[in-house]
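Step one of this worksheet: look at the structure below.
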Amino acid sequence: MKKLNREFYSRDTETVAKELLGKILIHEVDGKRLSGKIVETEAYLGIKDKAAHSYGGRRTPRVEVMYGEAGLSYVFIIYGMYYCFNVVTQKEGIPEAVLIRALEPVGSLDIMANNRFKKDYNDLTKTQIKSLTNGPGKLCNALKINKALNGEDLCDNRLYIVDNDEEFNIITDKRIGIDYAEEARDYLLRFYIENNKYVSVK
Numbered sequence: 003m004k005k006l007n008r009e010f011y012s013r014d015t016e017t018v019a020k021e022l023l024g025k026i027l028i029h030e031v032d033g034k035r036l037s038g039k040i041v042e043t044e045a046y047l048g049i050k051d052k053a054a055h056s057y058g059g060r061r062t063p064r065v066e067v068m069y070g071e072a073g074l075s076y077v078f079i080i081y082g083m084y085y086c087f088n089v090v091t092q093k094e095g096i097p098e099a100v101l102i103r104a105l106e107p108v109g110s111l112d113i114m115a116n117n118r119f120k121k122d123y124n125d126l127t128k129t130q131i132k133s134l135t136n137g138p139g140k141l142c143n144a145l146k147i148n149k150a151l152n153g154e155d156l157c158d159n160r161l162y163i164v165d166n167d168e169e170f171n172i173i174t175d176k177r178i179g180i181d182y183a184e185e186a187r188d189y190l191l192r193f194y195i196e197n198n199k200y201v202s203v204k
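All the letters of the sequence shown, read from the start, carry residue numbers 3 to 204 under my numbering.
This is the structure we're talking about:
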């Protein structure tokens with residue numbers, strides 16, 4: 003499978019968010035390959051988007067990576083305990099990104115299950131299987147994505163995304179958990195694969 007290159011990420015953020023669907027996110031860690039198919043994304047449109055960390059040109063150490071070149075990872079923590087993994091898009095200096103919101107587990111299922119639930123995949127309940135990677139914090143936990151990977155180059159060989167040919171319908175909806183963002187909470191910037199059971203909210 004072909005790794006996505008810088009050119010793929012260096013485009014309109016909404017386009018990247020849609021085209022990331024169906025691609026495979028891979029984390030090479032401790033000699034193992036943890037992976038999942040991207041089934042849900044959210045676009046964050048930077049300076050003009052009240053839901054984005056860089057809204058209004060905000061530039062702090064936390065968001066600095068968003069101003070970097072496309073194809074870097076932006077990992078932040080919410081509620082002091084859950085990591086969220088984002089892909090930086092657009093040209094350097096334009097602080098936009100795509101949140102990877104849900105995955106369908108693909109590789110190293112036992113490792114991901116142990117990361118989340120301290121037991122092997124075959125020992126999970128149906129509810130646990132469905133909730134293994136169906137949210138931004140859950141997928142980071144399962145794939146061992148944390149703040150140490152903030153700024154990681156996704157064109158490198160540790161954390162990256164590869165192409166995957168597959169046909170599906172894309173559903174467009176409002177983003178989740180951004181009620182503070184005034185009119186931006188109504189922007190239709192969440193995209194997910196229709197009828198995929200790992201989507202966080204349908």
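A virtual CB, placed ideally from N, CA and C, is assigned to each residue, including glycine.
These numbers were taken from a predicted model, which means no experiment stands behind them.
Alpha-carbon spacing of residue i relative to residue j, whole angstroms
i           : j           : result
residue 106 : residue 167 : 15 angstroms
residue 131 : residue 143 : 14 angstroms
residue 185 : residue 192 : 15 angstroms
residue 190 : residue 18  : 15 angstroms
residue 74  : residue 109 : 23 angstroms
residue 181 : residue 187 : 6 angstroms
residue 62  : residue 10  : 26 angstroms
residue 201 : residue 77  : 20 angstroms
residue 29  : residue 156 : 10 angstroms
residue 141 : residue 173 : 20 angstroms
residue 195 : residue 64  : 30 angstroms
residue 175 : residue 44  : 9 angstroms
residue 86  : residue 204 : 20 angstroms
residue 84  : residue 126 : 21 angstroms
residue 136 : residue 56  : 26 angstroms
residue 148 : residue 111 : 19 angstroms
residue 118 : residue 14  : 34 angstroms
Residue i (DSSP reduced to helix, strand or coil)
i           : result
residue 188 : helix
residue 107 : strand
residue 151 : helix
residue 49  : helix
residue 175 : strand
residue 203 : coil
residue 65  : coil
residue 5   : strand
residue 156 : coil
residue 161 : strand
residue 74  : strand
Element boundaries [beta strand (DSSP E), containing residue i]
i           : result
residue 111 : Note, residue 111: premise wrong, no beta strand (DSSP E); alpha helix (DSSP H) at 111 to 119.
residue 45  : 34 to 46
residue 27  : 26 to 31
Distance CB(residue i)-CB(residue j) smaller than 8 angstroms
i           : j           : result
residue 145 : residue 58  : no
residue 67  : residue 152 : yes
residue 102 : residue 48  : no
residue 242 : residue 40  : Not covered by the structure: residue 242. The range shown for the chain is 3 to 204.
residue 164 : residue 23  : no
residue 99  : residue 90  : yes
residue 134 : residue 115 : yes
residue 71  : residue 42  : no
residue 113 : residue 161 : no
Enclosing alpha helix (DSSP H) for residue i [first to last residue]
i           : result
residue 8   : 8 to 11
residue 131 : 128 to 132
residue 15  : 15 to 21
Closer than 7 angstroms: residue i CB and nearest the ligand SAM heavy atom
i          : result
residue 92 : The ligand SAM is not part of this structure, which contains no ligands at all.
>> Which runs of the beta strand (DSSP E) at least 3 residues long sit entirely within the region 79 to 104? Give them in chain order.
In response: 84 to 91
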